[in-house]
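Let me begin by presenting the structure, written as structure tokens, before commenting on it.
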Amino acid sequence: MKTTFSYPEWDEIPNIDLYLDQVLLYVNKVCSPISLAKEKGLTASMVNNYVKHGYISKPEKKKYQRKQIARLIAITTLKSVFSIQEIAQTLNTLHTETNSEELYNAFVDYMNEDLDPANPIIQASCQTVKLYHQTLALVYTENEEEETNEY
75 MKTTFSYPEW
85 DEIPNIDLYL
95 DQVLLYVNKV
105 CSPISLAKEK
115 GLTASMVNNY
125 VKHGYISKPE
135 KKKYQRKQIA
145 RLIAITTLKS
155 VFSIQEIAQT
165 LNTLHTETNS
175 EELYNAFVDY
185 MNEDLDPANP
195 IIQASCQTVK
205 LYHQTLALVY
215 TENEEEETNE
225 Y
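So that you can map any letter, position 30 of the sequence shown is 104 in this note's numbering, and since no number is skipped, the others follow by simple counting.
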């Protein structure tokens, strides 16, 4: 399934430090095409909890860097299917093997272009997200067709 939008590559994520409200606007804008109507998107309390539990590193002087923003994009995408604990465990496992830029770009390449990453964890988690959204799209299409036929 080819998505109709593209996640930003690592180099396209702002390379200036952002305050929390700017991070929320940016991440929610990036992830809005795949967010479900029932999902509220990334919130300040979510980010604060992620920092508190060590899922993302603490901001410096209340500002977030590219690495943290990339991680929030990945978390926001994956949380429609996985629990935050599963996501954190997966990201921490991956992070011991390679750096954030390589991990994020492998995630983006698979989500945008279906380019198989070298890492099977990234591939499987991205496939799961894509299949979940594809299934929901089929269900919603089927339900809309049934409602249309009832009238």
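Built from N, CA and C at the ideal position, the CB exists for glycine as well.
Cβ shell of residue i (< 6 Å), same chain only, five flanking positions each side left out
i: residue 124; result: 130
i: residue 145; result: 130
i: residue 98; result: 116
i: residue 76; result: The predicted model places residue 76 with a pLDDT of 42, which falls under 50 and marks its position as unreliable, so this point remains unresolved.
Check whether residue i and residue j have beta carbons under 9 Å apart
i: residue 147; j: residue 88; result: no
i: residue 80; j: residue 108; result: no
i: residue 84; j: residue 179; result: yes
i: residue 143; j: residue 100; result: yes
i: residue 137; j: residue 93; result: yes
i: residue 193; j: residue 172; result: yes
For residue i: DSSP bridge partner residues
i: residue 134; result: 137
i: residue 146; result: According to DSSP, residue 146 bridges with nothing at all.
Cβ-Cβ separation, residue j to residue i (assumed contact under 8 Å), whole Å
i: residue 174; j: residue 141; result: 5 Å
i: residue 139; j: residue 91; result: 6 Å
Neighbourhood of residue i by C-beta, 8 Å cutoff - its chain only, sequence neighbours within 5 removed
i: residue 128; result: 162
i: residue 106; result: 115
i: residue 196; result: 168, 177, 180, 181, 184
i: residue 156; result: 164, 199, 202
i: residue 244; result: The question about residue 244 has no answer here: the residues shown for the chain are numbered 75 through 225.
i: residue 134; result: 91
Continuous alpha helix (DSSP H) stretch holding residue i: start and end
i: residue 129; result: Segment: none, residue 129 is in no alpha helix (DSSP H) and carries neither H nor E.
i: residue 86; result: That residue, residue 86, is in no alpha helix (DSSP H); it is neither H nor E in DSSP.
i: residue 99; result: 94-105
i: residue 162; result: 158-169
i: residue 179; result: 174-187
Neighbourhood of residue i by C-beta, 7 Å cutoff - its chain only, sequence neighbours within 5 removed
i: residue 152; result: 161, 199, 203
i: residue 207; result: 108
i: residue 104; result: 81, 82, 147
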